[in-house]
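Before any comments, here is the structure.
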Amino acid sequence: MNVLNQWAFIGVFFLLAPLLPALPIVLGGVFAPRKPNAIKQATYECGVETVGDTWVQFKVQYYVYGLIFLVFDVEMVLLFPWAMAYRDLDFFAFGAGFLFVFLLTDALFYALGKDALKWD
Amino acid sequence: MDCINNLSLCLRHSGVDAGLAEFVSIFLGVVLVATFPLLVTILLIWVERKFAARIQDRIGPNRVGPFGLLQPLADVVKLLTKENITPTGADRPIYNLAPPFMVAAVLLIWAVIPLSPIHYGVDLEIGALYFVAVASIGTLSVLMAGWASNNKYALLGAFRVVALLISYEVPLALALIVPVMLANSMSMVGITEAQWGMWFVFMAPIAAFLFFIGSQAETGRAPFDLIEAESELTAGFNTEYSGMKFAMFFAGEFMHVFTNGVLMAVLFTGGWIGPFVGELPLIGLVWLMAKASVWYIIALWVRNTLPRLRIDQVMLFNWQFLVPLSIVNLLVTAFLLQVIKMAGLTPADPGNFVQNIPQTLVLLVGNLVEFGGVLIMLRNRGRRERIADAAKGLSAPVHAVGD
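Chains as they are written, first to last, in the numbering used here: chain A, 1 to 120; chain B, 121 to 523.
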């Protein structure tokens, strides 16, 4: 298979993958009863009537996790090519990789020291 | 699949347009690769329930069919006839898209998994990176479900789960770099074939351990099952789902656990490699499934044995222990690989078991030293905490609870 066909395969897979699980849902729509009423369709919060808006601004803590995750995710994208060629490289590659990881780990320990990753 | 090329050729010879022939063969390949895990999942529902029952000293499903084997079919029929309730406040398009996305995220991983030497979806050169990219669609679907439900419990649950999932993706992906480094390849086929001489689990046991924990957390199973922290969150992000949509979340979860087993098998225990693979390639599928099942059973065992951790403990465990450990592990492996190269221990023939022993020993000893260091650090930390608690007059360490 050439490279273009490989990605055609992935493309078709991306289109088909959500359709396969959608099939039983549609089938369920055919077989299942449909008797909606206002009480049944009310928001279920353990029987208590829902108060206020759900779509509000959320705690900033989650944003900090997202930010640190992003740092490491981008780091990983850059580390994968390094890892792939690693066995063909000399000791300099280890030094370069070490420096790169060290700088980012530094940020992690800074965040840990500031208690930014503590759940509260 | 490899035979797909022949099908395309076949169609072209019988007078079908070349582009169409290519498309038909690709389409059939996708259908084959995608339905295989879905069929396996039907059996998994039974395995999961039976195994959980045995651990809890129950019998489990035994009424429908021999040994209760037809139980999943009864479940499907029941779920098909359940009403789909959509809450009035929900954001309908996103609400309806979330369950198929959950399953799709897991299905897409199967595109790059080599089932046998000649049977696989595609041999992407960046297979490992593709896995990391595709696996995060599941996280997206959780957030979609929680947000679109317009339910405070669902939203709280979704936020927590997303925080957990993205956190555990860091050690997972950092552990994934180690087999890539050992195999000198990012393709799943390449990683499998690099294990002819020696399984990577012996060269990088700590990476295997980290990947296993990370994948267990990614599925949202105990001890990381904050999704199901029902005492705090009702049912979490899927509170407002019912009928077949609810079932899809569970199908996705069951499939994800087994897919993780398959990934462990491919990355660390040699995938389809086993006796007689050379003569009969299809037997590779049997080896792969056998190895995946062992990892799968271990995952179930962990799930049914350990209690749920609190959210602050789970996050602290990840950021203070798993992430630093995975970084150290990566650097130690990188260092040892250079040492191996300088000492001339690199096997001339990577497929030879005996030639692989020296470098495996170096890596194994390195991993053991690393593990010992971690144990000593944990011991010292525990002692410090106990002394501090005793000074304060507390018998057990107390942490703040809350969201």
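Glycine included, every Cβ here is placed at the ideal spot set by N, Cα and C.
(Q) Using beta carbons (cut-off 8 Å, strictly below), is lysine 114 of chain A in contact with chain B? (A) no
**Q.** Span of the alpha helix (DSSP H) around histidine 376 of chain B
**A.** 363–388
Q: Look up proline 234 of chain B in the DSSP assignment and say whether it is helix, strand or coil.
A: strand
(Q) So, for alanine 111 of chain A: in the same chain, excluding its five sequence neighbours on each side, which residues have a beta-carbon less than 8 Å away from its beta-carbon? (A) Val64, Ile68 and Leu117
Q) Is the Cβ-Cβ distance between valine 397 of chain B and glycine 404 of chain B less than 8 Å? A) yes
Q | Whole-angstrom distance between phenylalanine 491 of chain B and phenylalanine 332 of chain B, CA atom to CA atom | A | 16 Å
Q. In chain B, which residues lie less than 9 Å from leucine 103 of chain A when you measure between Cβ atoms?
A. Result: empty, since nearest Cβ-Cβ is about 12 Å, beyond 9 Å.
Q. When you compare each of B/Met222, B/Leu199, B/Gly185 and B/Gly241 to phenylalanine 156 of chain B by their alpha carbons, which one comes out closest?
A. B/Gly241
**Q.** CA nearest to the CA of tryptophan 407 of chain B, picked from B/Val151, B/Arg501, B/Thr312 and B/Phe374
**A.** B/Thr312
Q. Cβ of aspartate 432 of chain B less than 8 Å from any chain A Cβ?
A. yes
Q: Helix, strand or coil for tryptophan 119 of chain A, going by three-state DSSP, please let me know.
A: coil
Q: Compare the C-alpha of serine 261 of chain B against each of B/Val452, B/Ala303, B/Met375 and B/Asn358 and name the closest.
A: B/Asn358
**Q.** alanine 508 of chain B at chain A interface by Cβ criterion, 8 Å
**A.** no
Q | Closest Cα partner of alanine 419 of chain B within the set B/Leu164, B/Val136 and B/Leu158 | A | B/Leu164
Q: Answer yes if the stretch 164–177 of chain B comes into contact with the stretch 190–209 of chain B, meaning at least three C-beta pairs across the two stretches below 8 Å, and no otherwise.
A: yes
Q. Who does tyrosine 240 of chain B pair with in a DSSP beta bridge?
A. B/Pro234
Q: In angstroms with no decimal places, state the Cα-to-Cα distance between asparagine 2 of chain A and tryptophan 55 of chain A.
A: 47 Å
**Q.** Closer than 7 Å at the beta carbon, the chain A residues around tyrosine 273 of chain B
**A.** Glu45
Q. Cα separation between aspartate 73 of chain A and lysine 40 of chain A?
A. 42 Å
Q.
Short of 8 Å in beta carbon distance, which residues of its chain neighbour valine 452 of chain B, apart from the five on each side in sequence? Order them along the chain.
A. Gly486, Asn487 and Glu490
Q | Amino acids of chain A, ordered along the chain, whose beta-carbon sits closer than 7 Å to that of tryptophan 439 of chain B | A | Leu112 and Leu117
Q | Residues near threonine 466 of chain B in its chain [Cβ-Cβ closer than 7 Å; skip 5 each side] | A | Ile460 and Gln479
Q: Taking all protein chains shown into account, decide if arginine 183 of chain B is buried (16 or more other Cβ within 10 angstroms of its Cβ) or exposed.
A: exposed
Q: Would you mind sorting aspartate 469 of chain B into buried or exposed? The rule is 16 or more other CB atoms within 10 Å of its CB.
A: exposed
Q) In chain A, which residues lie less than 7 Å from glycine 209 of chain B when you measure between Cβ atoms? A) Thr43
Q) CB leucine 292 of chain B to CB glutamate 245 of chain B, shorter than 8 Å? A) no
Q) Count the other CB atoms within 10 Å of the CB of alanine 231 of chain B; is the residue buried (16 or more) or exposed (fewer)? A) buried
Q | Contact set between methionine 301 of chain B and chain A, taken where Cβ atoms lie within less than 9 Å | A | Trp82, Ala83, Met84, Tyr86 and Arg87
Q. How many angstroms separate the CA atom of isoleucine 205 of chain B from the CA atom of tyrosine 44 of chain A?
A. 11 Å
(Q) Given a cut-off of 8 Å on the beta-carbon distance, is the pair aspartate 345 of chain B and arginine 428 of chain B in contact? (A) yes
Q: Compute the Euclidean distance between the alpha carbons of asparagine 270 of chain B and leucine 217 of chain B, then round it to the nearest angstrom.
A: 15 Å
**Q.** Cβ neighbour criterion (16 or more within 10 Å) applied to glutamate 75 of chain A
**A.** buried
Q: Would you list, in sequence order, the uninterrupted alpha helix (DSSP H) runs of no fewer than 4 residues that lie entirely inside the stretch 260–329 of chain B?
A: 272–303, 308–313 and 320–323
**Q.** Simplified DSSP assignment, three categories, for threonine 155 of chain B
**A.** helix
Q | Contact set for serine 305 of chain B: own chain, Cβ-Cβ below 7 Å, skip 5 residues either direction | A | Ile311 and Ala314
Q: Output yes if chain B places a C-beta closer than 8 Å to the C-beta of leucine 99 of chain A; else output no.
A: no
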